[in-house]
Amino acid sequence: MIDAVVVGSGHNALVSACYLARAGRSVEVLERDTVLGGAVSTVERFPGHAVDRGSSAHIMIRHTGILEELELDGFGLRYLDCDPWAFAPAPSGGDRPGIVFHRDLERTCRSIEAACGAREADAYRRFVDVWGPRSAAVMRSFSAPPTGRHLVSSFWGLDTGSGGSDLSRRFLASGDALLDEYFDDEPLKAALAWFGAQSGPPMSEPGTAPMVGFAALMHTLPPGRAVGGSGALTRALAARLASDGGTVTLGDGVTELRRGSGGWTVRTESGRTVTARAVIAGCHILTTLDLLEHGGYDRTRLIDWRRRIRVGPGIGMVLRLATDALPAYAGTTSPADTTRGLQLLVDDRAHLRLAHGAALAGELPPRPAVLGMSFTALDPSIAPAGEHQVTLWSQWHPHRLSGDRRWADLAESEADRIVAEMESRAPGFASTIRHRHIQTPENIEQELGMIGGNVMHVEMSLDQMFMWRPLPELSQHRVPDAAGLYLTGASTHPGGGVSGASGRSAAHAVLADTDGGPLRRIVRRLSR
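Numbering (my numbering), first residue to last: 564 to 1091.
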């Protein structure tokens, strides 16, 4: 019997495995896919191109301390700063410049002043001054289990101004309300709203103000691009794990989790049986519930949980493009300012609201809302010499279309509409495309196991965050009446995105439940 089986090889699952192995536990990771890393993986889609399957820019994990605790730089992981971290092209039909969001706050404010005026630049300084510390507190809360003690300690010491009640109200406000409080210029508000909406919910929802406010933290440490592609993170984690004696088995998915008197029996597609003292499930929460049902867990309770967990209609679709040039945005002269970070291709929030409303009805957006990324501007190693790579993420697109329409019939035409959005901002872009790979919401579900095409697993709405994610009784990385089973991944606190925090918290839960004091001291040492 081994100490722990980890189900899935997503980055959170691998983070859990690494912490346990470093604490001296015997660990095996079981993955159904033949590619390591789940959504944090990179494959050769086109000749000579290392193309991400899921995530591309890593934001949160660089704020958690996990990279340093696991010493991943010693296993080949290297990040390049996305600086500038974002660019919002100028609206068509005018003579104002686009907005460049540098890591340096004053350079950003000078760009905002040139595009929107001095009043908006001053407002942005105030916004960063107020929401920088608040966003740092949110990151602290993400880095530990969502208990009342941890949440209070994370936010303790923030300047409450007019009192704690007012501060809590501001955190519970919508992103749109926050933007309207600080700014007048609609293109600026749209750019920040589009950045915030990358978490999934529209900025009209309560509790989304911190998603917009997170932009302030980008002036402390911007998004990072792993050299060689997003999968470089999980490759480094796997190497870290192997160095401490852990193993990874690919291409043999888990089919059943069964609790016995001596621990857990884990069965796989190949017919293999593994017994373990603990199991960490890093797959989608609904997949975990299926595995428990196959292992004889109370079906009535599972049905109740499935009904209460809200996956949502789906978030978006992706185009992975090989090109012979970077996007050349109209009215700009510095490609370094426009192509190294997130390219926010919206001018007003109505664009976003219409797209989200359409998705709720199972319809395609009247006009795709597009985020561009062109990381060969930072890391030319992911493409052959003289070629480039561009990713276009479009949000929102429903997983289930209304009527009898099928994604198989609409994928190409919708991809054309997404390319047209970039073409309208960077004339001539379409003619530079040499290869394209389309990931519809259905493709995302089929390839990456993200049910409903939701890259965050379950909706990142206020009622499914912190101690409510994915449900109150499942929120502490444990499952009732299933001692020794632990949950990690985007389905759990703090949610989707590349943070690794869920994986670290799950590993700490395993160690806290085990009579092994010296091992706990090892983990505490690693966490300093």
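Each residue gets a CB set at the ideal place from its N, CA and C atoms; glycine is no exception.
Start-to-end residues for the alpha helix (DSSP H) that takes in residue i
| i | result |
| --- | --- |
| residue 624 | Segment: none, residue 624 is in no alpha helix (DSSP H) and carries neither H nor E. |
| residue 798 | 794-806 |
| residue 718 | 711-718 |
| residue 554 | What the structure shows of the chain is the stretch from 564 to 1091, and residue 554 is not part of that stretch, so it cannot be assessed. |
| residue 1067 | 1064-1075 |
| residue 1007 | 1004-1011 |
| residue 738 | 738-745 |
| residue 788 | No alpha helix (DSSP H) contains residue 788, which is instead part of the beta strand (DSSP E) from 787-789. |
| residue 757 | 749-759 |
| residue 1032 | It is not in any alpha helix (DSSP H) - residue 1032 carries neither H nor E in the DSSP assignment. |
| residue 735 | 727-735 |
| residue 900 | 898-901 |
| residue 769 | From DSSP, residue 769 is part of no alpha helix (DSSP H); its letter is neither H nor E. |
Nearest-angstrom beta carbon gap, residue j and residue i [assumed within contact, 8 angstroms]
| i | j | result |
| --- | --- | --- |
| residue 799 | residue 668 | About 31 angstroms separates the two Cβ atoms, so there is no contact after all. |
| residue 788 | residue 938 | 5 angstroms |
| residue 831 | residue 816 | 6 angstroms |
| residue 600 | residue 573 | 7 angstroms |
| residue 907 | residue 934 | 6 angstroms |
| residue 874 | residue 1022 | 7 angstroms |
| residue 715 | residue 782 | That belief does not hold up - the Cβ atoms of residue 715 and residue 782 are roughly 27 angstroms apart, past 8 angstroms. |
| residue 976 | residue 880 | Incorrect: roughly 12 angstroms between the Cβ atoms, too far for contact. |
| residue 595 | residue 1011 | Not quite, the Cβ-Cβ distance comes to about 11 angstroms (not below 8 angstroms), so this is no contact. |
Pair within 9 angstroms by beta-carbon distance, residue i and residue j
| i | j | result |
| --- | --- | --- |
| residue 1104 | residue 1044 | An answer regarding residue 1104 cannot be provided, because it is not within the stretch 564 to 1091 covered by the chain. |
| residue 1034 | residue 843 | no |
| residue 1060 | residue 822 | no |
| residue 820 | residue 626 | no |
| residue 591 | residue 565 | yes |
| residue 851 | residue 952 | no |
| residue 698 | residue 773 | yes |
| residue 593 | residue 614 | no |
| residue 655 | residue 988 | yes |
| residue 1103 | residue 793 | Past the edges of the chain, shown from 564 to 1091, lies residue 1103, and the structure says nothing about it. |
| residue 813 | residue 1077 | no |
| residue 1007 | residue 796 | no |
| residue 687 | residue 1071 | no |
| residue 990 | residue 891 | yes |
| residue 675 | residue 1067 | no |
Delimiting residues of the beta strand (DSSP E) encompassing residue i
| i | result |
| --- | --- |
| residue 956 | 951-958 |
| residue 644 | 642-644 |
| residue 1048 | 1048-1050 |
| residue 663 | 662-664 |
| residue 651 | 649-651 |
| residue 907 | 905-908 |
Stretch pair the segment 746-754 + the segment 924-940: three plus CB contacts closer than 8 angstroms: no
Stretch pair the segment 730-741 + the segment 659-674: three plus CB contacts closer than 8 angstroms: At 8 angstroms Cβ cutoff, the stretches do not touch.
Whole runs of the alpha helix (DSSP H) within the segment 800-878, excluding any shorter than 4 residues: Within the segment 800-878, the complete alpha helix (DSSP H) runs of at least 4 residues are 848-857 and 862-871.
Whole runs of the alpha helix (DSSP H) within the segment 924-999, excluding any shorter than 4 residues: Runs of the alpha helix (DSSP H) lying entirely within the segment 924-999 and spanning at least 4 residues, in chain order: 970-988.
Touch test, the segment 690-705 against the segment 944-953, Cβ-Cβ under 8 angstroms, three pairs minimum: no
Sequence ranges, beta strand (DSSP E) only - wholly within the segment 565-640, length at least 3: 565-570, 590-593, 605-607 and 613-615
The segment 1005-1020 / the segment 1049-1058 touching (three or more Cβ pairs under 8 angstroms): yes
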